[in-house]
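Following: one structure in structure tokens, then a few remarks.
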Amino acid sequence: MLRKHQILSLASSSNPQRNLNVNSLKLFGFSPLFSSTSTSTNPSASLDSSLTSELPDIPSWVSKQNTGTQPSGDDDFVIPSLATWIENHPKVRLFPTKKPETPVEKITKILKCPYPSPEIVVQALNASDLSVSDVSVDQLLKRFSNSWISAYGVFIWAKTQSGYTHTPELYNFMVDVLGKAKMFDLLLDLIEEMKQLKGYINLDTIFKVMRRLANARRFSEAIEVFRRIEELGVEKDVMALNGLLDALVKGDGVEHACEAFVELKECIPLNSSTFNILVHGFCKARRLSDARKILNEMNEQGFQPCTVSFTCFIEAYCREKDFRNVDAILDEMKEKGCRPNAVTYTIIMHARGKAGEIGKALEVYEMMKKDSCLPDSSFYGSLIFILSKAGRLKDADEIFEDMVKQGVKPNALTYNTMISSSCGHSLEEKALKLLKRMEEDSCKPDISTYAPLLKMCCRKKRMKVLNFLLSHMLNNDVSIDHTTYTLLVRGLCNSGKLEQACAFFEEMVLKGMIPKGSICTMLVEKLEKEDMIEAKQKVQELVPNVKEPKITV
DNA sequence: GTAGGGTTAG
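Here it is as structure tokens:
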């Protein structure tokens, strides 16, 4: 824990120059690993020649002829010590090896070219000599969780092999993949299949279906699933009801949550979470007087509004930067003997930091300690975030090191925050060291770990590092989602890497993702500008309804 | 699966 005088010095520091110096890297203990002890004479050259590419192939319809004017990339420059790490990385196979491919690798290769339907995927897999007993279906589904055609193909292929049965958990995972892809007809067929299997549908299944429906704004269908929950063999209790309300609220349908609540409150015994979910929903929708009404109803039904209830109001006022009312709620809590907890303090500190009031934010940290409320890893994550945002990277680094000393283990969020901040300041080597450290710390990277790294690679035109990251992702079974494809297409477009942008664009469309209009327009405009007419037409064919770029005089 | 997550363009 930082001592008081250290905190005060943090609070008074406003010089961005103290952010980072070379020595600060020693804090991380990385120096030996990253000192240039490469045995290779020219790391960046060997890196270049031996990289097995995870970048999508440039489609034939992207004409190279007119790309001569694009700015040349920074590809030739790779930090030598970084290249060494990439080369020696245990998990990422960058060199064509003599070792035979594992079955999972073989399947991944087969699935690399996008298929039009799961049935064709099944055919392709049947044509191979692979058996389900050689692979982890779980790993494959995770790896292809954003390519529903591939995932469902693997699922069906595995299921039809003798001596193998999917576990209920795997069925649930498949339900979630189909839900994420908004393939609700297929999802309902799968539910029907699970119903026949007896005992396969559980509350987890129901939660996933309701959440995915609500996220797709299909609120009435989510409610209908709940109404029929008993037909599916799941108890219609308060846990299930809270799951429904929570799904509706998270899908921005508090109105529907309220209607469902009115319909169901007489037949199911409620608990205080039921009310808190609605309070949260109304606070999120900035309908504070409705949230107050729920609080009153909560009281009438014999439930005390608690820390969670008040924290929802605090969050709402924080969003408006209305700190006067935040303090008023804190007073109200004190009056009612309701103590703020780490979540409450995190929200306030985060909002103060985001509002540029870093001093006030650090006062919240002090207040919290005075109240003997222990910070958790999310709290530290927020503290690191606001310090980084204020340009105080050195302080953020200190907190990152300090939390470990306090016995709070950094989690994926903490690492993601540190990585994102490093990327935001274009500190490539630091960001990659953090990824490495994350791995050593057995902290699993997720899609938000990679997103800022990929974005930075696009911005700095680091195609080799981009390629490295894509294979790193694959090896960690992290699947590229819609947001990340968008980021890649936009980033590459902005860097004049139109061929690669087109490659990712094609890949996302072939995976069944529908690119946003703005991204299509952007790509079409850039292609037009570069006179890449064939590519422009192809992009327009891939996604109909792309508007012609406006002609600017 | 009751509250804390940082995205986007201009």
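Residue numbers 46 to 598, in the numbering used here, belong to the letters of the first sequence in order.
Backbone N, C-alpha and C define an ideal beta-carbon position, used for all residues, glycine too.
These numbers come from a predicted model, not from an experiment.
| Item | Value |
| --- | --- |
| Which of helix, strand or coil DSSP assigns to residue 353 | helix |
| Own chain partners of residue 213 with C-beta closer than 6 Å, once the 5 adjacent residues on each side are dropped | 245 |
| Environment of residue 528 [buried if 16+ CB atoms lie within 10 Å] | exposed |
| Start-to-end residues for the alpha helix (DSSP H) that takes in residue 527 | 527–539 |
| Alpha carbon of residue 276 to alpha carbon of residue 534, nearest angstrom | 45 Å |
| Nearest residue (CA-CA) to residue 182, options 195, 518, 199, 191 | 199 |
| Three-state secondary structure assigned by DSSP to residue 146 | coil |
| Check: residue 313 C-beta below 7 Å from any heavy atom of the ligand SAM | Absence of the ligand SAM is noted for the structure shown, with no ligands found whatsoever. |
| Supposed close pair residue 357, residue 328 - CB separation, criterion 8 Å | 4 Å |
| Beta-carbon gap between residue 305 and residue 256 smaller than 8 Å | no |
| Cutoff 6 Å; reference residue 271; Cβ partners in own chain excluding five residues on either side | 289 |
| DSSP three-state assignment for residue 577, whether helix, strand or coil | coil |
| Residue closest to residue 300, alpha-carbon to alpha-carbon, out of 587, 269, 264 | 264 |
| Whole beta strand (DSSP E) elements within the stretch 247–279, 3-residue minimum | none |
| Local Cβ density within 10 Å of residue 273, reported as buried at 16 or more and exposed below that | exposed |
| Residue 159 vs residue 544 beta-carbon contact at 8 Å | no |
| Start-end ranges of the alpha helix (DSSP H) lying completely within the stretch 466–524, minimum 4 residues | 473–485, 492–504, 508–520 |
| Per-residue burial, residue 490 [other beta carbons within 10 Å of its own, 16 or more giving buried] | buried |
| Entirely enclosed alpha helix (DSSP H) segments - the stretch 297–373, minimum 4 residues | 299–309, 317–329, 333–345, 352–364 |
| Neighbourhood of residue 335 by C-beta, 6 Å cutoff - its chain only, sequence neighbours within 5 removed | 327 |
| Spatially closest choice to residue 476 from 487, 486, 381, 495, by CA coordinates | 495 |
| Contacts around residue 137, its chain only, beta-carbon distance under 8 Å, and the 5 residues preceding and following it disregarded | Residue confidence is low: residue 137 scores 43 on pLDDT, short of 50, so the model does not pin down where it sits. No coordinate-derived value is stated. |
| Pick from 397, 98, 460, 536 that is closest to residue 499, judged by C-alpha positions | 536 |
| Residue 341, buried or exposed, once every other Cβ within 10 Å from all chains shown has been counted against 16 | exposed |
| Given residue 485 as reference, the closest of 381, 359, 457 once Cα atoms are compared | 457 |
| Start and end residues, alpha helix (DSSP H) containing residue 548 | 543–555 |
| Own chain residues within Cβ distance below 8 Å of residue 548, not counting five before or after | 100, 101, 102, 103, 104, 107 |
| Range of the contiguous alpha helix (DSSP H) that encloses residue 198 | 193–204 |
| For residue 169, the nearest candidate out of 156, 389, 179, 180 (CA to CA) | 156 |
| Cβ-Cβ separation, residue 441 to residue 466 (assumed contact under 8 Å), whole Å | 6 Å |
| Contact under 8 Å by Cβ, residue 531 with residue 561 | yes |
| Beta-carbon proximity check, residue 185 vs residue 152, cutoff 8 Å | yes |
| Presumed contact (8 Å Cβ cut-off) between residue 493 and residue 189, rounded CB distance | Not quite, the Cβ-Cβ distance comes to about 19 Å (not below 8 Å), so this is no contact. |
| First and last residue of the uninterrupted alpha helix (DSSP H) at residue 427 | 422–434 |
| Whole-Å CB distance - residue 286 paired with residue 309, under 8 Å assumed | 6 Å |
| Which of helix, strand or coil DSSP assigns to residue 558 | coil |
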